[in-house]
Amino acid sequence: MSSGHGSEIIKKKLISYDYKIRASAGCDSSPCLFQPFFQLVLHYEEGDSQILDFTPEQLEKFVIGLKKPGNSNEQ
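So in full-length UniProt numbering, the last one in the sequence shown is 75, and the numbering has no gaps at all.
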């Protein structure tokens, strides 16, 4: 667990995003074993981008977290 010492919070302005639903499997797996995942690509100012991959379960938890009171920027 990190103590936070030496940590730096970097704030970037999000300008757009893209998303895809994909499937993954090991090289030796049959197509029936493909696992879906959601890929979110965040595009920031100055050309920076970040790719986030979520399983369906992780995506559900992420979205629920966004909907919780106090997690909105709306005033």
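Using N, Cα and C, we set each Cβ at its ideal position, and we do this for glycine too.
Nearest candidate by alpha-carbon position, reference residue i, set the options
i, options, result
"Leu-42", "Thr-55, Lys-20, Gly-65 and Leu-33", "Lys-20"
"residue 129", "Asp-18, Ser-16 and Gln-35", "Residue 129 is absent from the model: the chain starts at 1 and stops at 75."
"His-59", "Pro-69, Ser-49 and Phe-37", "The question names His, but residue 59 in the sequence shown is Leu. Selected option, being the one with the closest Cα: Phe-37."
"Asp-18", "Lys-61, Thr-55, Lys-68 and Gln-50", "Gln-50"
Span of the beta strand (DSSP E), counted from its first residue to its last, around residue i
i, result
"Ile-15", "14-24"
"Phe-37", "35-44"
Cβ distance (whole Å) where residue i is taken to contact residue j below 8 Å
i, j, result
"Tyr-44", "Ile-15", "6 Å"
"Leu-40", "Leu-52", "5 Å"
"Asp-48", "Lys-12", "6 Å"
Buried or exposed (CB count within 10 angstroms, at least 16 for buried), residue i
i, result
"Met-1", "In this prediction, Met-1 has a pLDDT of 44, which is less than 50 and means its spatial position is unreliable; what the coordinates show is noted afterwards. Met-1 comes out exposed."
Host alpha helix (DSSP H) of residue i (start-end)
i, result
"Ile-51", "It is not in any alpha helix (DSSP H) - Ile-51 instead sits in the beta strand (DSSP E) that spans 49-54."
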